[in-house]
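Novice:
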Amino acid sequence: MRYYFLLVLIVWSWSGEKIPKEVLPPEKMGAVWYDVILADELTDFSSITDSTFREFSKRTALYDSIFHIHAITKEQYRKSEKYYQDRPDLLKKILADLQKKADTAVQKEADTSKKKKAINPV
Numbered sequence: 056m057r058y059y060f061l062l063v064l065i066v067w068s069w070s071g072e073k074i075p076k077e078v079l080p081p082e083k084m085g086a087v088w089y090d091v092i093l094a095d096e097l098t099d100f101s102s103i104t105d106s107t108f109r110e111f112s113k114r115t116a117l118y119d120s121i122f123h124i125h126a127i128t129k130e131q132y133r134k135s136e137k138y139y140q141d142r143p144d145l146l147k148k149i150l151a152d153l154q155k156k157a158d159t160a161v162q163k164e165a166d167t168s169k170k171k172k173a174i175n176p177v
């Protein structure tokens, strides 16, 4: 019986797919993607409102800042992005978490806007 338990434990430990060391964990990848999405939105908005805006150089600068803030390299980001794109089950979880985070941010903004209107009706 003891050997059976040991065998089950070994098989169970092998069954879970381990994320490679060079790949960012799902939580960190989600945080990086959230910042990348915000940077893309800021760049797109700025290019619409300012015809002299240099979109590519600004986007690159923002990405470099994001990588610096999260203490990762461009290569780590690319490997991690490729890894998660090849694993839809993990990608789906990260994207669901990003959606929840975005929904929460939108709800907070809406609540803040309602409070401001209640204090200072126009």
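Here the working numbering is used: the first residue of the sequence shown is 56, the next is one more, and so on.
We put the CB at the ideal spot given by N, CA and C, even for glycine.
The structure displayed is predicted, hence computed values, not measured ones.
1. Select from 132, 116, 117 and 165 the residue whose C-alpha is nearest the C-alpha of residue 76.
2. Which of the three DSSP states is assigned to residue 106 in this structure?
3. What residue range does the alpha helix (DSSP H) around residue 133 cover?
4. Once the 5 residues before and after residue 102 are set aside, which same chain residues still bring their CB inside 7 Å of it?
5. Roughly how many angstroms separate the alpha carbons of residue 85 and residue 74, rounded to a whole number?
6. Quick check on the burial criterion: 16 or more other C-beta atoms within 10 angstroms. Buried or exposed for residue 78?
7. Let me know if residue 135 comes out buried or exposed under the rule of 16 or more other beta-carbons within 10 Å of its beta-carbon.
8. Tell me the rounded alpha-carbon separation between residue 163 and residue 156.
9. Give me, in chain order, the residues of the same chain whose beta-carbon lies closer than 7 Å to that of residue 121; leave out the 5 immediate sequence neighbours on both sides.
10. What does a CB cutoff of less than 7 Å around residue 81 pick up in its chain, not counting 5 residues either side in sequence?
11. With DSSP run on the structure shown, which of helix, strand or coil describes residue 163?
Specialist: On the basis of the data shown:
1. 132
2. coil
3. 129 to 140
4. Around residue 102: 108 and 110.
5. 15 Å
6. buried
7. buried
8. 11 Å
9. 87, 90, 91 and 94
10. 145, 148 and 149
11. helix
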